[in-house]
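For the record, in the sequence shown the residue sitting at position 141 is 141 according to UniProt numbering, with numbers rising by one throughout.
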Amino acid sequence: MSSDDTFRDAPAGGPSASGDGYDPRAVQDKWQARWAELDPFEAAEDADGRERRYALDMFPYPSGDLHMGHAEAFAIGDVIARYWFQKGYNVLHPIGWDSFGLPAENAAIKRDSHPAEWTYANIETQAASFHRYAPSFDWSRRLHTSDPEYYRWTQWLFLRFYERGLAYRKGGQVNWCPNDQTVLANEQVVGGHCERCGALVERRVLTQWYFKITDYADRLLDDMKQLEGKWPDRVLLMQRNWIGRSTGADVHFVIEGRDEPVTVYTTRPDTLYGATFMVVAADAALAEEICAPEERAAFEAYRDEVSRESEIERLSTERDKTGVFLGRYAINPVNGERIPIWASDYVLAEYGHGAIMAVPAHDQRDLDFALKFGLPVRVVVDTGEPDPAETGVATAGDGRIVNSDPIDGLAKADAIARITEILAEKGLGRAAVNFRLRDWLLSRQRFWGCPIPIVHCEACGEVPVPDDQLPVRLPDDLRGADLAPKGASPLAAASGWVNVDCPKCGGPAKRDTDTMDTFVDSSWYYFRYCSPGYTEGPFDVEQVRKWMPIDQYTGGVEHAILHLLYSRFFTKVLYDMGMVDFTEPFTRLLNQGQVILNAKAMSKSLGNMVDLGEQIDRFGVDVVRLAMLFSGPPEDDIDWADVSPHGMSKFLSRVHRIATEVTAPVGADPAAGSDELRRVTHRTVEEATALVEVRRFNVAISRIMELVNATRKAIDGGPGGSDPAVREAAETMAIMLSLFAPYTADEAWELLGRTAPVATAGWPAADPALLVQESVTCVVQVAGKVRDRLEVAPGIGEGELESLALSSEKIKDALGGREIRKVIVRAPKIVNIVPA
Numbered sequence: 001m002s003s004d005d006t007f008r009d010a011p012a013g014g015p016s017a018s019g020d021g022y023d024p025r026a027v028q029d030k031w032q033a034r035w036a037e038l039d040p041f042e043a044a045e046d047a048d049g050r051e052r053r054y055a056l057d058m059f060p061y062p063s064g065d066l067h068m069g070h071a072e073a074f075a076i077g078d079v080i081a082r083y084w085f086q087k088g089y090n091v092l093h094p095i096g097w098d099s100f101g102l103p104a105e106n107a108a109i110k111r112d113s114h115p116a117e118w119t120y121a122n123i124e125t126q127a128a129s130f131h132r133y134a135p136s137f138d139w140s141r142r143l144h145t146s147d148p149e150y151y152r153w154t155q156w157l158f159l160r161f162y163e164r165g166l167a168y169r170k171g172g173q174v175n176w177c178p179n180d181q182t183v184l185a186n187e188q189v190v191g192g193h194c195e196r197c198g199a200l201v202e203r204r205v206l207t208q209w210y211f212k213i214t215d216y217a218d219r220l221l222d223d224m225k226q227l228e229g230k231w232p233d234r235v236l237l238m239q240r241n242w243i244g245r246s247t248g249a250d251v252h253f254v255i256e257g258r259d260e261p262v263t264v265y266t267t268r269p270d271t272l273y274g275a276t277f278m279v280v281a282a283d284a285a286l287a288e289e290i291c292a293p294e295e296r297a298a299f300e301a302y303r304d305e306v307s308r309e310s311e312i313e314r315l316s317t318e319r320d321k322t323g324v325f326l327g328r329y330a331i332n333p334v335n336g337e338r339i340p341i342w343a344s345d346y347v348l349a350e351y352g353h354g355a356i357m358a359v360p361a362h363d364q365r366d367l368d369f370a371l372k373f374g375l376p377v378r379v380v381v382d383t384g385e386p387d388p389a390e391t392g393v394a395t396a397g398d399g400r401i402v403n404s405d406p407i408d409g410l411a412k413a414d415a416i417a418r419i420t421e422i423l424a425e426k427g428l429g430r431a432a433v434n435f436r437l438r439d440w441l442l443s444r445q446r447f448w449g450c451p452i453p454i455v456h457c458e459a460c461g462e463v464p465v466p467d468d469q470l471p472v473r474l475p476d477d478l479r480g481a482d483l484a485p486k487g488a489s490p491l492a493a494a495s496g497w498v499n500v501d502c503p504k505c506g507g508p509a510k511r512d513t514d515t516m517d518t519f520v521d522s523s524w525y526y527f528r529y530c531s532p533g534y535t536e537g538p539f540d541v542e543q544v545r546k547w548m549p550i551d552q553y554t555g556g557v558e559h560a561i562l563h564l565l566y567s568r569f570f571t572k573v574l575y576d577m578g579m580v581d582f583t584e585p586f587t588r589l590l591n592q593g594q595v596i597l598n599a600k601a602m603s604k605s606l607g608n609m610v611d612l613g614e615q616i617d618r619f620g621v622d623v624v625r626l627a628m629l630f631s632g633p634p635e636d637d638i639d640w641a642d643v644s645p646h647g648m649s650k651f652l653s654r655v656h657r658i659a660t661e662v663t664a665p666v667g668a669d670p671a672a673g674s675d676e677l678r679r680v681t682h683r684t685v686e687e688a689t690a691l692v693e694v695r696r697f698n699v700a701i702s703r704i705m706e707l708v709n710a711t712r713k714a715i716d717g718g719p720g721g722s723d724p725a726v727r728e729a730a731e732t733m734a735i736m737l738s739l740f741a742p743y744t745a746d747e748a749w750e751l752l753g754r755t756a757p758v759a760t761a762g763w764p765a766a767d768p769a770l771l772v773q774e775s776v777t778c779v780v781q782v783a784g785k786v787r788d789r790l791e792v793a794p795g796i797g798e799g800e801l802e803s804l805a806l807s808s809e810k811i812k813d814a815l816g817g818r819e820i821r822k823v824i825v826r827a828p829k830i831v832n833i834v835p836a
């Protein structure tokens, strides 16, 4: 189905006034103006007796107007914030912009302008669209990371990290595009070429700034216990894998002709007797040092070839193994065997010590290498599987140790412990812990970023800029062609900015011309929201203690590793500095899915972009929000081709019509009305509340729809709008609908005779007496989608309810034979089955 098919029956040019007088466009204009006057969502800084809640959305980058992905993410975050407002909490729901970055700089080069012009114009465009889309933001806390008032404190934090030894400068390997004259992230290298210009990428050593995040590796792992059950399992797994803690041993290998032994880290020291060769990273200094003269020409040619490969390519298990013999030998410390040393690209200079012992029988990459170059394969772990030298398949499992006197016959754990003891006793090694995580490279050779507040003086070395001279502002006189990449930061050409007096000795010095990775800006912005106008530090410590940690963080899973990891790192450093009293910044995390079209990601190249502004013009904000939220659980992708905006428009018209037909006076006692409708109303409150709490907004909307149907039936088949129970139902649906469709909800609320905004009405409470029933409808979901409804006893136990759900034929069909990872039971009303 195409998007045109989806909207085929919508009125041309957008929704017009329906037969009941409902005009979405007029309603939006009316309430935008009203809300601007009332500003109902400003958080109260002072204690007012209400419990505080902090709802945060990952802030946007101003690359253009809001798009369909923004529409989904900010609708989800807004439901949570509005629900908390209705529940009576003092809610902080701020907005800002992550406004430094390369796209603005490239736009400035193209337009012969300053990056700030493009950036702030886009911010204003997005801000106007946000006002239209109606998230419940506290606009008084708005911030932009490119404002000097903000990046002053980014620099201040950098200096505090520097003082603690957590910010340092060293030479390091980078991906370098010779055409764009800039460093590329690994993700920007495709097939060895720059994804932007297609040039062949080189590996270079540049002196760069780093944050020493590896000092916090253990804490970043161990503190995840605080997040279990509150963050998505896949995000925690991704972070654990990225940090990559492993235990093993450092083993010292003597290299013939070299005084100092080479230390190799291995997680399987029990397999040392099976080490038949050594592999050194081709770009490691060690390979350059130990290469024999007769092998040097071949080695240097190979090293140059490797320099053009990305790290992702080098680690791929699908690639053919390559390497060169270095003409040198190492001595295996456990048996004295002389083993050859090779250089290869599948070992990274930054991993461990840049060299590995190769045990080809029990490691597939080593086996592939050994078979290609005719190196020995020796089995030292008996797993009962065929000989790897014959099958080409390494036996990586556990088993009994063989061919390894004195640890023959031992199981893996015992063998590791014993061989590590033997190595330690002989001074040949020791137990060790290693991490995949590397220090955070934060230098960028571009203009539009936060300047690094360090001055370089020939006499004094690195000198921090004094706090009272912050911020180090970007120069205003660079623009257009001045910003084109030239092999170094454009700032290097701004001589009037670069050349300064040394803050320490007063002699001639130069500013550091790198700027910071924009991940630095986004690693602490949420603290600033607590006191955005604070001038004595990056944030008011007392305000942060009142508001944080953040109760709910909402955003894309693409930030599951770096942004979240860096934010957690910053928080732990601030904790060690005594500035915060918690170690994890985000208590709960929700990652929304993508908005796609016809099962494909939207992109300009595919010609399948859906323009958010056009959809809002055509159907109205409330319809777009409802369509997003009703399409499935927040974590699922939304295929816009399967969405029915026109159906949502009809639903909202029905809500509006009900509000116009209520004639029972404000304050009428609902107990005097229809008992049947009251039971439906209060069951809806009970169920919708539980569903919103567990973020099943699509099912909560379905419950509101059922209440609308029941109310329509009561009006048409009973005393009509004069029934006090009809008023109660209509007011209840307006309050609950305000989470999802705020314009229609406020309009309906006013039509019902209420004067204050519906956001201040307070969430309805279900009367327990009206919930008593002989049976309850239990919703059974598979992967968040409703697949069956069961009529069960109100007091049914969780175990019995789970059994009933799993025995349902509809559920069996929905599972289609898939394994079940977990079953979440909220007796008696919800069962959610999560397939593996």
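All C-beta atoms in this analysis are idealised placements derived from N, C-alpha and C, irrespective of residue type, glycine included.
Three-state secondary structure (DSSP) of residue i
{"i": "Gln364", "result": "helix"}
{"i": "Ile833", "result": "strand"}
{"i": "Glu791", "result": "strand"}
{"i": "Arg314", "result": "helix"}
{"i": "Met357", "result": "strand"}
{"i": "Ala783", "result": "coil"}
{"i": "Trp342", "result": "strand"}
{"i": "Trp209", "result": "strand"}
{"i": "Tyr529", "result": "coil"}
{"i": "Phe253", "result": "strand"}
{"i": "Lys486", "result": "coil"}
{"i": "Asp405", "result": "coil"}
{"i": "Ile811", "result": "helix"}
Sub-7 Å separation of residue i and residue j beta-carbons
{"i": "Leu562", "j": "Ala659", "result": "no"}
{"i": "Trp448", "j": "Phe59", "result": "no"}
{"i": "Leu483", "j": "Glu105", "result": "yes"}
{"i": "Asp57", "j": "Gly77", "result": "yes"}
{"i": "Tyr743", "j": "Trp31", "result": "yes"}
{"i": "Ala601", "j": "Val235", "result": "no"}
{"i": "Lys400", "j": "Ile407", "result": "It is worth fixing the name first, because residue 400 is Arg in this sequence and not Lys. Going by C-beta atoms, Arg400 is not nearer than 7 Å to Ile407."}
{"i": "Ile243", "j": "Leu221", "result": "yes"}
6 Å CB neighbourhood of residue i in its chain, flanking five on each side removed
{"i": "Asp477", "result": "none"}
{"i": "Leu428", "result": "His252, Pro333"}
{"i": "Glu42", "result": "Asp138, Ser140"}
{"i": "Ala292", "result": "Gly327, Arg328"}
Residues near residue i by beta carbon distance below 8 Å, same chain, minus five either side
{"i": "Glu294", "result": "Gly327"}
{"i": "Ile616", "result": "Arg132, Tyr133, Val624"}
Inter-residue CB distance, residue i and residue j (contact presumed, cutoff 8 Å)
{"i": "Asn698", "j": "Leu629", "result": "6 Å"}
{"i": "Ala275", "j": "Met357", "result": "4 Å"}
{"i": "His619", "j": "Ser644", "result": "Strictly speaking, residue 619 in this sequence is Phe, with His absent from that position. The pair is not a contact, with the Cβ atoms about 10 Å apart (cut-off 8 Å)."}
{"i": "Phe582", "j": "Tyr553", "result": "About 14 Å separates the two Cβ atoms, so there is no contact after all."}
{"i": "Val379", "j": "Val402", "result": "7 Å"}
{"i": "Ile735", "j": "Gln86", "result": "7 Å"}
{"i": "Ala664", "j": "Ser722", "result": "5 Å"}
{"i": "Thr214", "j": "Arg430", "result": "At roughly 19 Å, the Cβ-Cβ gap does not stay under 8 Å, so Thr214 and Arg430 are not in contact."}
Contact set for residue i: own chain, Cβ-Cβ below 7 Å, skip 5 residues either direction
{"i": "Asn122", "result": "Pro62, Ser63, Gly64"}
{"i": "Pro40", "result": "Pro757, Ala759, Thr760"}
Beta strand (DSSP E) segment containing residue i, residue limits
{"i": "Leu737", "result": "First-last for Leu737: 724-737, but that is the alpha helix (DSSP H), not the beta strand (DSSP E)."}
{"i": "Gly171", "result": "167-177"}
{"i": "Tyr61", "result": "Note, Tyr61: premise wrong, no beta strand (DSSP E); not H, not E."}
{"i": "Asp675", "result": "Run containing Asp675: none in the beta strand (DSSP E); it sits in the alpha helix (DSSP H), 675-693."}
{"i": "Ile452", "result": "It is not in any beta strand (DSSP E) - Ile452 carries neither H nor E in the DSSP assignment."}
{"i": "Met628", "result": "Looking at the DSSP string, Met628 is not in any beta strand (DSSP E); the run it does join, the alpha helix (DSSP H), is 621-630."}
{"i": "Pro431", "result": "A small correction: the amino acid at residue 431 is Ala; Pro does not occupy that position in the sequence shown. Its beta strand (DSSP E) spans residues 429-434."}
Delimiting residues of the alpha helix (DSSP H) encompassing residue i
{"i": "Asn106", "result": "102-111"}
{"i": "Ala121", "result": "115-133"}
{"i": "Met648", "result": "645-661"}
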